[in-house]
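To start, the structure under review is shown below, and the notes come after it.
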Amino acid sequence: MEPSSGSRDAGPVVMPVAAVLPAGGSGERLGGATPKQFCAVQGRPLVSYTVRAMERISWISDIIVVVSPENIETMKSIIEKYGHRRVMIVKGGVTRHRSIFNGLKVFAENEFSNHLLQKPEVVIIHDAVRPFVEEDILSKVVMAAKEHGAAGAIRPLVSTVIASAADGCLDHSLERARYRASEMPQAFLFDVIYEAYQQCTDYDLDYGTECLHLALKYCKTNAKLVEGTTDLWKVTYKRDLYAAESIIKDNLSQQVCVITDVKEALAQVGFLLHESLKSQIKVEAISVSLSKNDSQLQITFSEQCYNFVCVNDKKYAIQETQQLVDMLEKSDIPLLYPVVLILVHLDISENISFSIGMEELTRIKKFAREVKKKNILVYGLLIQYK
Numbered sequence: 349m350e351p352s353s354g355s356r357d358a359g360p361v362v363m364p365v366a367a368v369l370p371a372g373g374s375g376e377r378l379g380g381a382t383p384k385q386f387c388a389v390q391g392r393p394l395v396s397y398t399v400r401a402m403e404r405i406s407w408i409s410d411i412i413v414v415v416s417p418e419n420i421e422t423m424k425s426i427i428e429k430y431g432h433r434r435v436m437i438v439k440g441g442v443t444r445h446r447s448i449f450n451g452l453k454v455f456a457e458n459e460f461s462n463h464l465l466q467k468p469e470v471v472i473i474h475d476a477v478r479p480f481v482e483e484d485i486l487s488k489v490v491m492a493a494k495e496h497g498a499a500g501a502i503r504p505l506v507s508t509v510i511a512s513a514a515d516g517c518l519d520h521s522l523e524r525a526r527y528r529a530s531e532m533p534q535a536f537l538f539d540v541i542y543e544a545y546q547q548c549t550d551y552d553l554d555y556g557t558e559c560l561h562l563a564l565k566y567c568k569t570n571a572k573l574v575e576g577t578t579d580l581w582k583v584t585y586k587r588d589l590y591a592a593e594s595i596i597k598d599n600l601s602q603q604v605c606v607i608t609d610v611k612e613a614l615a616q617v618g619f620l621l622h623e624s625l626k627s628q629i630k631v632e633a634i635s636v637s638l639s640k641n642d643s644q645l646q647i648t649f650s651e652q653c654y655n656f657v658c659v660n661d662k663k664y665a666i667q668e669t670q671q672l673v674d675m676l677e678k679s680d681i682p683l684l685y686p687v688v689l690i691l692v693h694l695d696i697s698e699n700i701s702f703s704i705g706m707e708e709l710t711r712i713k714k715f716a717r718e719v720k721k722k723n724i725l726v727y728g729l730l731i732q733y734k
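Set out below in structure tokens:
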């Protein structure tokens, strides 16, 4: 599973919304030659997780990824490999603010694109190295930005902030309870943040880091501060990559896709499984025809689900299971992490034959040995009833 896209508690977003992801950092604090946004986590670049978190949200129309010129081809290959959609790559500037400004220009100027994208009412700005952003917080900052002109996620300070004097001794400290850490995502009415960037000085563009401050300084827009969740942290140091990998591994075990045939009885089984499991893990139940290479399955694969329960009532379902395995292989999902495939065979015939059931399970066992070599773990369950 990918980083979760979260719930919809804040309500649906009905206005045009786009996202700008600055991804042009050099990763100096991380160490190593590869910028942190391109470092692999569970075999997949970090930036791909963040893009997918945005991509899974239907009300975000365009995703602008801003990268340094030398990494444009790398980003193109990531988009192609992982099937990202609604994504445009923009050449970044020498600083964070200049990169964000370039990303905004694709909606207002022709400098970076042959055609202008539809200007959004609200634009989200979010770091490409914060992969665990959820839909709930995105919806909250977007709705707050629509009302106030700007909004941003915040978190309580963990440590006390102090200022040092010129001689290196303590000058003063801040009262921690009065201050908050500014996090991402942030959201703005597009006209507000674009005007702020147009008016700001070279000093702001070269040394500033806070977008909310630009909106306040140049457009008199006082941002609404939205309490964020603990998973909004930014991958900065090498140890953060290990923490991100641990979270992703844990998330993989918390999602399952229940696949049934389109028959009413089997679809009902899928629904009942969904209802019984949804309080414990994230469950998606879909009714598809494997023989038609269903597009809904392709979407599920692109979201990188690693656990599947397939319910069928056919005497010998190995052929359709093989089709599912073939689709999984083509998606490259098993290259990153083992896939668990549980085959549930419902025998609803009047003449229950234990020997036939055992024959089917023997076929599944042989099939499982073969596909295990492809990093797909198959298990079989036979349920017989009148």
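Going from the sequence shown to our numbering is simple: count from 1 and add 348.
Ideal placement from N, C-alpha and C gives every residue a C-beta, glycine not left out.
### Message
If I measure Cβ to Cβ from Ile-666 and keep anything under 8 Å in the same chain, skipping five residues before and after, which residues do I get?
### Response
Arg-711, Ile-712 and Phe-715
### Query
Taking the continuous alpha helix (DSSP H) assigned at Arg-737, which residues delimit it?
Any answer about residue 737 is impossible in this case: the structure gives the chain only from 349 up to 734.
### Task
State the start and end residues of the unbroken alpha helix (DSSP H) segment that holds Thr-669.
666-679
### Message
DSSP three-state label for Gly-372, please.
### Response
coil
### Message
In this structure, how does DSSP classify Arg-356 when only helix, strand and coil are distinguished?
### Response
Because the pLDDT at Arg-356 is just 39, under 50, the model does not fix this residue reliably, and the point stays unresolved.
### Query
Whose C-alpha, out of Ile-405, Pro-383 and Ser-406, is nearest the C-alpha of Val-395?
Pro-383
### Query
If Ala-476 and Ala-371 are in contact, beta carbons under 8 Å, what's the gap, nearest whole angstrom?
3 Å
### Query
Does the beta-carbon distance from Glu-543 to Cys-567 come in below 7 Å?
yes
### Task
Please find out if some non-hydrogen atom of the ligand NAP comes closer than 6 Å to the beta-carbon of Val-673.
In terms of ligand content, the structure shown is empty, and the ligand NAP therefore cannot be addressed.
### Query
Can you tell me whether Ser-624 is buried or exposed, with buried defined as 16 or more other CB within 10 angstroms of its CB?
exposed
### Task
Please go through the same chain and pick out, in chain order, the residues whose beta-carbon is closer than 6 Å to the beta-carbon of Ser-447, but skip the five residues on each side of it.
Pro-370, Gly-372, Val-414, Gly-440 and Gly-441
### Task
Compute the distance between the beta-carbons of Val-368 and Ile-420, then report whether it is under 7 Å.
no
### Message
Going by DSSP in three states, Tyr-685 sits in which element: helix, strand or coil?
### Response
coil
### Through-space distance from Leu-620 to Ser-425, alpha-carbon basis
41 Å
### Query
Under a Cβ-count criterion, where at least 16 other Cβ atoms within 10 Å of its own Cβ denotes burial, should Gln-547 be classed as buried or exposed?
exposed
### Query
Looking at C-beta atoms only, is the number of pairs between the segment 467-485 and the segment 526-544 that lie closer than 8 Å three or more?
yes
### Reference Val-688; option with closest CA among Thr-549, Asp-695, Val-726 and Lys-722
Val-726
### Distance, Leu-691 Cα to Gln-671 Cα
13 Å
### Query
Rounded C-beta distance between Phe-538 and Val-471? I'm assuming under 8 Å.
5 Å
### Query
Roughly how far, in whole angstroms, is the beta-carbon of His-693 from the beta-carbon of Asn-660, given that I think they are within contact range, below 8 Å?
6 Å
### Query
Going along the chain, which residues of its own chain have a beta-carbon closer than 7 Å to the beta-carbon of Val-719, five neighbours each way excluded?
Val-673 and Val-726
### Message
Just to confirm my understanding: we take Lys-611, look at its own chain, exclude 5 residues before and 5 after, and list those with CB closer than 6 Å. What are they?
### Response
none
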